[in-house]
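Okay, so here's the structure we're looking at.
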Amino acid sequence: MKYETVIGLEIHCELKTSSKIFCSCKNEFGGEENEHTCPGCLGMPGILPVLNEKAVELAVRAGIALNCTIQRASQFDRKNYFYADLSKGYQISQYFHPICTDGWLDIPSDSGEQKRVRIARIHIEEDAGKIVHKNGMSYLDDNRSSLPLIEIVTMPDMRSPAEAERFARKARAILKAAGVSDCRMQEGSLRFDVNLSIMPQGSTVLGTRTEMKNLNSFRSLARAAENESARHQSVLEGGGSLFQETRRWDDEKGMSFGMRSKENAQDYRYFPDPDLTPIELDDAYIENIKLSMPELPEAKMQRYIGLGASEKDAEMLSEALEASELFEGAYAESGNAKLTASLITGDIAAKVRLDSLEGIKFTPSDLGRVVKMSEKGEISLSAARKTIAEMIEYGGSPDEIVKRLGLSQISDESAIRQIVSEVLEANPKSVADIKSGKSKAIGFIVGQAMKISKGAANPALVNRIIAEILEL
Amino acid sequence: MELAQLSAKELRELLDKGEASPLEAIESYIRRIESVERFIGAYLAQTLDEALKKAKSLTDENNPNSSVWGLPYALSDNICTKDILTTASSKFLENFVPVYSADAYEKLAESGAILLGKTGLDEFGMGESGCYSALGSVNNPYDSSKIPGGSASGAAAAVASSEASFSLGVDTAGSVRIPASFCGVTAFKPTYGLLSRYGIIAHSSSIDQVGVIGEGIADCALVMQAISGCDSRDSTSLRIDPMDWLQFSSGSIQGMRIGFDASAAHSAGEESRRAYESAIQAFRHLGAEIIELRLEGNIYALAASQIISCAEASSNLARFDGVRFGVRVAADSADGTVIASRTHGFGEEAKNRLLFGTFAQTEDNYGKYYEKALKARQLAKSSYESLMQQCDAFLAPTAPFAPLGRHEAIEPFSLNINTAMASLAGAPAVSFPAGIDSDGMPIGMHLSAKSLGERELFTAVSAFQESTGYHKNKPAIPRQV
Ligand SMILES: [Zn+2]
Numbered sequence: 038m039k040y041e042t043v044i045g046l047e048i049h050c051e052l053k054t055s056s057k058i059f060c061s062c063k064n065e066f067g068g069e070e071n072e073h074t075c076p077g078c079l080g081m082p083g084i085l086p087v088l089n090e091k092a093v094e095l096a097v098r099a100g101i102a103l104n105c106t107i108q109r110a111s112q113f114d115r116k117n118y119f120y121a122d123l124s125k126g127y128q129i130s131q132y133f134h135p136i137c138t139d140g141w142l143d144i145p146s147d148s149g150e151q152k153r154v155r156i157a158r159i160h161i162e163e164d165a166g167k168i169v170h171k172n173g174m175s176y177l178d179d180n181r182s183s184l185p186l187i188e189i190v191t192m193p194d195m196r197s198p199a200e201a202e203r204f205a206r207k208a209r210a211i212l213k214a215a216g217v218s219d220c221r222m223q224e225g226s227l228r229f230d231v232n233l234s235i236m237p238q239g240s241t242v243l244g245t246r247t248e249m250k251n252l253n254s255f256r257s258l259a260r261a262a263e264n265e266s267a268r269h270q271s272v273l274e275g276g277g278s279l280f281q282e283t284r285r286w287d288d289e290k291g292m293s294f295g296m297r298s299k300e301n302a303q304d305y306r307y308f309p310d311p312d313l314t315p316i317e318l319d320d321a322y323i324e325n326i327k328l329s330m331p332e333l334p335e336a337k338m339q340r341y342i343g344l345g346a347s348e349k350d351a352e353m354l355s356e357a358l359e360a361s362e363l364f365e366g367a368y369a370e371s372g373n374a375k376l377t378a379s380l381i382t383g384d385i386a387a388k389v390r391l392d393s394l395e396g397i398k399f400t401p402s403d404l405g406r407v408v409k410m411s412e413k414g415e416i417s418l419s420a421a422r423k424t425i426a427e428m429i430e431y432g433g434s435p436d437e438i439v440k441r442l443g444l445s446q447i448s449d450e451s452a453i454r455q456i457v458s459e460v461l462e463a464n465p466k467s468v469a470d471i472k473s474g475k476s477k478a479i480g481f482i483v484g485q486a487m488k489i490s491k492g493a494a495n496p497a498l499v500n501r502i503i504a505e506i507l508e509l
Numbered sequence: 004m005e006l007a008q009l010s011a012k013e014l015r016e017l018l019d020k021g022e023a024s025p026l027e028a029i030e031s032y033i034r035r036i037e038s039v040e041r042f043i044g045a046y047l048a049q050t051l052d053e054a055l056k057k058a059k060s061l062t063d064e065n066n067p068n069s070s071v072w073g074l075p076y077a078l079s080d081n082i083c084t085k086d087i088l089t090t091a092s093s094k095f096l097e098n099f100v101p102v103y104s105a106d107a108y109e110k111l112a113e114s115g116a117i118l119l120g121k122t123g124l125d126e127f128g129m130g131e132s133g134c135y136s137a138l139g140s141v142n143n144p145y146d147s148s149k150i151p152g153g154s155a156s157g158a159a160a161a162v163a164s165s166e167a168s169f170s171l172g173v174d175t176a177g178s179v180r181i182p183a184s185f186c187g188v189t190a191f192k193p194t195y196g197l198l199s200r201y202g203i204i205a206h207s208s209s210i211d212q213v214g215v216i217g218e219g220i221a222d223c224a225l226v227m228q229a230i231s232g233c234d235s236r237d238s239t240s241l242r243i244d245p246m247d248w249l250q251f252s253s254g255s256i257q258g259m260r261i262g263f264d265a266s267a268a269h270s271a272g273e274e275s276r277r278a279y280e281s282a283i284q285a286f287r288h289l290g291a292e293i294i295e296l297r298l299e300g301n302i303y304a305l306a307a308s309q310i311i312s313c314a315e316a317s318s319n320l321a322r323f324d325g326v327r328f329g330v331r332v333a334a335d336s337a338d339g340t341v342i343a344s345r346t347h348g349f350g351e352e353a354k355n356r357l358l359f360g361t362f363a364q365t366e367d368n369y370g371k372y373y374e375k376a377l378k379a380r381q382l383a384k385s386s387y388e389s390l391m392q393q394c395d396a397f398l399a400p401t402a403p404f405a406p407l408g409r410h411e412a413i414e415p416f417s418l419n420i421n422t423a424m425a426s427l428a429g430a431p432a433v434s435f436p437a438g439i440d441s442d443g444m445p446i447g448m449h450l451s452a453k454s455l456g457e458r459e460l461f462t463a464v465s466a467f468q469e470s471t472g473y474h475k476n477k478p479a480i481p482r483q484v
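Top to bottom, those sequences are chains Z and D.
Our numbering puts the first residue of the first sequence at 38, with every later residue one more than the last.
Our numbering puts the first residue of the second sequence at 4, with every later residue one more than the last.
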């Protein structure tokens, strides 16, 4: 039997605020253990939560970016469970009345056309601390305790691990562009839970669902989903039956393990948190945020295409915030969108991740300068590439690199005429071939001329001068 | 004359005139504590050395303007005091020294009031009898064989036995009013949100409110003048203009409508019923218009307050899991350690309530109990509000029966039948002395008003106390038989 995989995602995304959600401790990755803590986020008795309004603003931005309805009234609830990393013995979350509902995001489906993935809700919650195991002991680090998070919950609208990954990537690009989060996967500021079931192709009845929690890369998201889908299929085909459970994905072993089944499922005893008053938003507040929204990837892509970038390049750039910033800066200098874009998505992307551009040692205008030199014929395209490679590796100003590596293109006609004449004299056979109509031989002459000029001759000029001398 | 025998207001007047110094006041209270505390057990810990030090430094200051300057006082031990042990009468916090102070304590300290110590209570404020402290029990100053009432038993007993000029406790469904009634002192529970809950070890967050205990309502007014005001550290703190509390405790009640319901004293016994009638008479003589009303919904309010307070407590006290605070009983798994620690760390009454509260909130029971309790709370609130449209203040006996013997069984929560309603409605209420019964035990009356109706409340109780003087009655310690 052919099966169809059904996937819903929960995306946990840390908000880019300067302080924690219910106290004034810094929201900062790293630092000494428990450096960013206070009686509030340590769960000491008597301290009350005071809501960081920036977190609300960012959650609303996420809601707008993901086409949600922003609720005029929402409320915090307590999620009660015992776990050592949970300082108060409950997590403040939104259960009954989340801040955003009913959104959607379009992604390319596996069959190529656009498909709409519905977003059930986005709610605000606080993160838990971290348990650190060292020397046979367990320690608590509460730097992360009470950091602001949003959880984005989709409907089970994805039909393959690839679609799930596409959704996750697109959502990440949007959240970053909207300024909601840094989305640094390696720092855990974006984590995924996958809800997955399979059903016979064409069926509309969903199968038994399992959940895999805390996947922190696109790769593990896709692998875990592939693996789980295959596991479901083999259980069913082996005549077994699935049960609803939460599983832990082990990325190293490449397999998942059962954690707890529905029967032992936690009862979180949600109830409205009496320490916090409801969040009430008026139309003016929401309108203001709408007006101040940064440009989102979709609009950015259209604009780049309008500037002259290829569709593919425009898409790649618009989905990586750092690359789009590099592009905009470089384009302002170069004025050539097509070449600027293709150098970023080609030469630069080959060396550095576009969604972080980590460690690059040049400025956007440095890149623009290179494109401009190439555009004006001061350097060849291949020289431009060499310059960029040099800039990525060591930094330095483009003019200085071009000079140091002798990449300046010879556009002096008399110098080139001299070289061309020498080559023609040395290769009478080729000259005869050209004259008899074998135009391929022109390429050979050009090649020889470039070789003598060490690649610095302007190839367009070389061609023209050959034609002039041979009166073609 | 011993300064400790004075009310806060009387002492404050002497301090103001320069006829007594804060140091003399503290020394008098220290003598008093030394002579009677062993019969009462109001304090879990005393801070007398610091009190002396502070009194000396205050004596040098001129023109102290605050309403509580130089007044020696006590705090219930669920109110956090920086660098001073704060136990909430629980083994879990037996060694807990907070690094922060409750808003009320900060304000008192800044105003020049002098802390004498921390008083005992039912563990985490869970109890009405005053018998459920894990760290030492409190006796009723009128008769040590009787219960003092709870949960803020020590705070009421300290004032009743002249071991503090005033005290603060935390009222949930009657936690300062019940012990005030049983110990013969005046207790005021403000409108919810009027006092900050910052630094109060939470029992039931949606109901908890700091309460003030003094000899009379005029003493409570002095304290409110110093501690009320909005606090940005408490999201439920009311954003309203400050009130002038000192104005509230004077003035006429001519024409004020005071409601009563004869059935409110039905179960209270003959003597309490008579005290109720005589209190009604007293108000009538003072010029109030007395209106007979039917109090409805208090039975639902009582049930709702039980469910809500236990459910909120089960969440508020989840942090005591053997990981971060106090008691840890190691077991061979993480879950096992949580279970063993909580089994060992909480007292019986606390465990009963936490189990009950947890039960009421499970997925299966939420609709059956918790959600219904929230609805009942709304009903109680609206029936209270409609009651308050017919009168300016409503009078009832504070407790449904006289203080029981220490070993008599009490139906859980039954003491709160007349106090829970104002709590759920977030409305202000006062318990004040209204006579002594034939056993020599005090009888308390309960007057409540609409939310932010403190002016009416204070004016009425003040007029009553000026005319009757019941609040001036003092127990003989130890009891003379
Ligand atoms: Zn903090």
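From the three backbone atoms N, C-alpha and C, an ideal C-beta is built for every residue, glycine too.
Keep in mind that this is a model prediction, so the values were computed, not measured.
Sort out for me which residues DSSP pairs Z:Phe229 with in a bridge. In the DSSP output, where bridge partners are listed per residue, Z:Phe229 has Z:Ile48, Z:Leu252.
When you compare the CB of D:Ile204 with every CB in chain Z, is at least one pair closer than 8 Å? Yes - at least one Cβ of chain Z is within 8 Å of the one on D:Ile204.
With distances taken Cα to Cα, identify the nearest neighbour of D:Ser275 among D:Ser70, D:Thr401, D:Ala383, D:Gln49. For the options D:Ser70, D:Thr401, D:Ala383, D:Gln49, the alpha carbon positioned closest to that of D:Ser275 is the one of D:Thr401.
Of all the residues that make up the region 94–119 of chain Z, which are near chain D by a beta-carbon distance shorter than 8 Å? For the region 94–119 of chain Z, which is checked against every Cβ of chain D, the residues closer than 8 Å are Arg115, Asn117, Phe119.
Nonlocal neighbours in the same chain, by C-beta distance under 8 Å from Z:Met55, ignoring five residues either side: Residue identity check: residue 55 of chain Z is Ser in the sequence provided, not Met. Cβ within range, chain order: Lys63, Asn64, Lys91.
Would D:Glu166 be called buried (16 or more neighbouring beta carbons within 10 Å of its own) or exposed? With 16 or more neighbouring CB atoms inside 10 Å of its own CB, D:Glu166 falls in the buried class.
Ligand 1 heavy atom lying under 7 Å from the CB of Z:Cys62: Yes, Cβ of Z:Cys62 sits closer than 7 Å to a heavy atom of ligand 1.
Cβ of Z:Gly83 versus every heavy atom of ligand 2: is any distance shorter than 7 Å? Ligands in the displayed structure: ligand 1; ligand 2 is not one of them.
How long is the line joining the alpha carbons of Z:Leu79 and Z:Tyr341, rounded to whole angstroms? CA-to-CA, the gap between Z:Leu79 and Z:Tyr341 works out to about 47 Å.
Check each residue of the region 133–159 of chain Z: if its Cβ is closer than 8 Å to any Cβ of chain D, include it; give the result in chain order. Flagged: no residues at all.
Quick check on the burial criterion: 16 or more other C-beta atoms within 10 angstroms. Buried or exposed for D:Lys371? Label assigned to D:Lys371: exposed.
Closest residue to Z:Ser451 among Z:Gln485, Z:Asn495, Z:Arg209, Z:Arg441 (Cα-Cα distance): Of the candidates Z:Gln485, Z:Asn495, Z:Arg209, Z:Arg441, the one whose C-alpha sits nearest the C-alpha of Z:Ser451 is Z:Asn495.
Compare the C-beta of D:Val326 with all C-beta atoms of chain Z and state if any pair is closer than 8 Å. Residue-level contact check: D:Val326 touches chain Z, since one or more beta carbons of chain Z fall below 8 Å from its beta carbon.
Run down chain D in chain order and give the residues with a C-beta less than 8 Å from the C-beta of Z:Lys125. For a Cβ distance threshold of 8 Å, residue set Ala321, Arg322 of chain D lies close to Z:Lys125, ordered along the chain.
Sort Z:Ile456, Z:Gly492, Z:Glu462 by Cα distance to Z:Ile502 and report the nearest one. Ranked by Cα distance from Z:Ile502, the first of Z:Ile456, Z:Gly492, Z:Glu462 is Z:Ile456.
Under 8 Å, Cβ to Cβ, is there at least one residue of chain Z near D:Thr239? D:Thr239 counts as touching chain Z.
For Z:Met174, decide whether its Cβ has a neighbour in chain D, counting only Cβ atoms nearer than 8 Å. Answer no: the Cβ-Cβ gap between Z:Met174 and chain D never drops below 8 Å.
To the nearest angstrom, report how far apart Z:Arg209 and Z:Arg203 are at their CA atoms. Each residue's CA atom was taken as its position, placing Z:Arg209 and Z:Arg203 some 10 Å apart.
Three-way DSSP call (helix, strand, coil) for D:Leu118 in this model: For D:Leu118, the secondary structure class from DSSP, reduced to helix, strand or coil, is strand.
Answer yes or no: the CB of Z:Gly77 versus the heavy atoms of ligand 1, is any distance below 7 Å? Yes - ligand 1 has a heavy atom lying nearer than 7 Å to the Cβ of Z:Gly77.
Which of helix, strand or coil does DSSP assign to D:His347? When DSSP states are grouped into helix, strand and coil, D:His347 belongs to the helix group.
For Z:Ser183, verify whether its CB is less than 7 Å away from any heavy atom of ligand 1. With a cutoff of 7 Å, Z:Ser183 counts as near ligand 1, since its C-beta is closer than that to a heavy atom of the ligand.
Keeping to the same chain, check which residues put their C-beta closer than 6 Å to that of D:Thr132; ignore five residues upstream and five downstream. Note that residue 132 of chain D is Ser in the sequence shown here, rather than Thr. Once the five neighbours on either side are set aside, the close Cβ partners of D:Ser132 are Ile150, Gly153, Ile413.
Considering only the alpha carbon of each residue, which of D:Gly196, D:Ser312, D:Gln284 lies closest to D:Gly130? For the residues D:Gly196, D:Ser312, D:Gln284, the minimum Cα distance to D:Gly130 belongs to D:Ser312.
Which of the residues in the region 312–324 of chain Z, read from start to end, lie with their CB under 9 Å from any CB of chain D? Answer in chain order: Asp312, Leu313, Thr314.
Mind checking D:Ser434: buried by the 16 CB within 10 Å criterion, or exposed? D:Ser434 is buried by the Cβ-count criterion.
Using the Cβ count rule (16 or more neighbours within 10 Å means buried), how would you classify D:Ile36? Burial call: buried.
Beta-carbon gap between Z:Ala102 and Z:Leu333 smaller than 8 Å: Cβ atoms of Z:Ala102 and Z:Leu333: closer than 8 Å.
Which residues, in chain order, does the region 208–221 of chain D contribute to contact with chain Z at a C-beta distance below 7 Å? Answer in chain order: Ser208, Ser209.
Taking the C-alpha atoms as reference points, what is the distance between D:Gly128 and Z:Asp114? Computed Cα separation, rounded: 23 Å.
Chain Z partners of D:Thr365, CB-CB under 8 Å? What D:Thr365 touches in chain Z: Asp304, Arg306.
CA-CA distance, Z:Thr283 and Z:Arg228? Their backbone Cα atoms lie some 16 Å apart in a straight line.
What runs of the beta strand (DSSP E), each 3 residues or longer, lie entirely inside the region 342–419 of chain D? For the region 342–419 of chain D, whole beta strand (DSSP E) runs of length 3 or above, ordered along the chain, are 396–400.
Excluding the five sequence neighbours on either side, which residues of its own chain have a C-beta within less than 6 Å of the C-beta of D:Asp174, listed in chain order? Same-chain partners within the cutoff: Lys192, Gln212, Gly214.
Length at least 3, wholly inside the region 361–402 of chain Z: the beta strand (DSSP E) runs in chain order: None, since the region 361–402 of chain Z contains no complete beta strand (DSSP E) of that length.
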